[in-house]
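The block underneath contains the structure these notes are about, expressed in structure tokens.
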Amino acid sequence: MTVRIEPSILSADFVNMEAELARIADADYVHVDVMDNHFVPNLTFGPQMVQRIQAVSPIGLDVHLMIADVDRWAPGYAELGAFSVTFHAEATAEPVKLARRLREIGSRAGIALKPGTAIEPYLELLPEFDQILVMTVEPGFGGQSFMADQMGKVAAVRAAADAAGSELWLQVDGGITLDTIEVAAAAGADTFVAGSSVYGAPHAGEAIAGLRAAAAA
Ligand code: DX5
Ligand code: ZN
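With this note's numbering applied, the sequence shown corresponds to residues 76 to 292, in that order.
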């Protein structure tokens, strides 16, 4: 299994972003949390900031949109060159149409599910997406505790993807630490977002290496 570690800059120092991006150059992708204080009760930044992150980041951008109106806003993140754009299933009535648009523009297309959202309606749509994000906290804030009760959802996606011979990346986001990453990997996740456990560590590169080793164990 290929393991991908994606530090979340939600836990970085926003006014020293270029240096904060350099700290995680050993990671696979940088996870960029966009929040609008509407879909979630928190606010980060929008396309102008993400465009600058794209310009200075040594690694590709995995954009996680925690915003309403994704049909309007998501294509812009693909257009600015993000490697991957993930929108929430709860934020659009037409996830397949939006995913196709993102792929046409040239980014990977991801769909995210909040903890309370059932996976079943999406299992037959897997070929339409490059990534599924199973949230392991309620979206909105870093530093929350991992919800192990989401592992059934992860296992259901893994089983369906394997049965279909799909290359889908299975991402988990929220509360990923050295203590929880093995559980998520065992359930079938292969792409791990980690905010506080990477940026809160004295040496981000060592934290990334530690997570990578624990996920592969
Ligand atoms: C939460 C964000 C996460 C957050 C994870 O809504 O989507 O990406 O940064 O932070 P940790 O790893 O601290 O739980
Ligand atoms: Zn996120």
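Virtual Cβ for every residue (Gly too), placed ideally from N, Cα, C.
Pop quiz: D103 and E81 are said to be a contact at Cβ under 8 Å. What is the actual Cβ separation, rounded to whole angstroms? Within the sequence shown, numbered from 1, the residue matching residue 103 stands at position 28. Within the sequence shown, numbered from 1, the residue matching residue 81 stands at position 6. With a Cβ gap of about 6 Å, D103 and E81 count as contacting.
Going by C-alpha distance, which of M110, V160 and M124 is nearest V90? If you number the sequence shown from 1, residue 90 lands on position 15. When only C-alpha atoms are compared, the closest one is M124.
So I180 is in the alpha helix (DSSP H); what residue range does that whole segment cover? For this step, residue 180 is matched to residue 105 along the sequence shown. Run containing I180: P170 to I180, per the alpha helix (DSSP H) assignment.
One or two residues paired with V138 in a DSSP bridge: Numbered from its first residue, the sequence shown carries residue 138 at position 63. Answer is V107 and V160.
Closer than 8 Å is the cut-off here; do at least three beta carbon pairs connect the region 195–206 with the region 247–254? As far as the Cβ criterion goes, the region 195–206 does not touch the region 247–254, which means the pair count is below three.
Distance, Cα to Cα, D224 vs D254? Here residue 224 refers to the residue found at position 149 of the sequence shown. Here residue 254 refers to the residue found at position 179 of the sequence shown. Cα to Cα, the separation comes out at about 15 Å.
Under a Cβ-count criterion, where at least 16 other Cβ atoms within 10 Å of its own Cβ denotes burial, should L118 be classed as buried or exposed? Sequence index remark: in the sequence shown, residue 118 carries index 43 (1-based). With fewer than 16 other Cβ atoms within 10 Å, it is exposed.
Let's test the definition: count the other Cβ atoms within 10 Å of the Cβ of D237 and tell me whether it reaches 16, buried, or not, exposed. For this step, residue 237 is matched to residue 162 along the sequence shown. Exposed, by the Cβ-count rule.
Is the beta carbon of R79 less than 8 Å from the beta carbon of D265? The residue given as residue 79 occupies position 4 in the sequence shown. The residue given as residue 265 occupies position 190 in the sequence shown. Contact flag set, yes.
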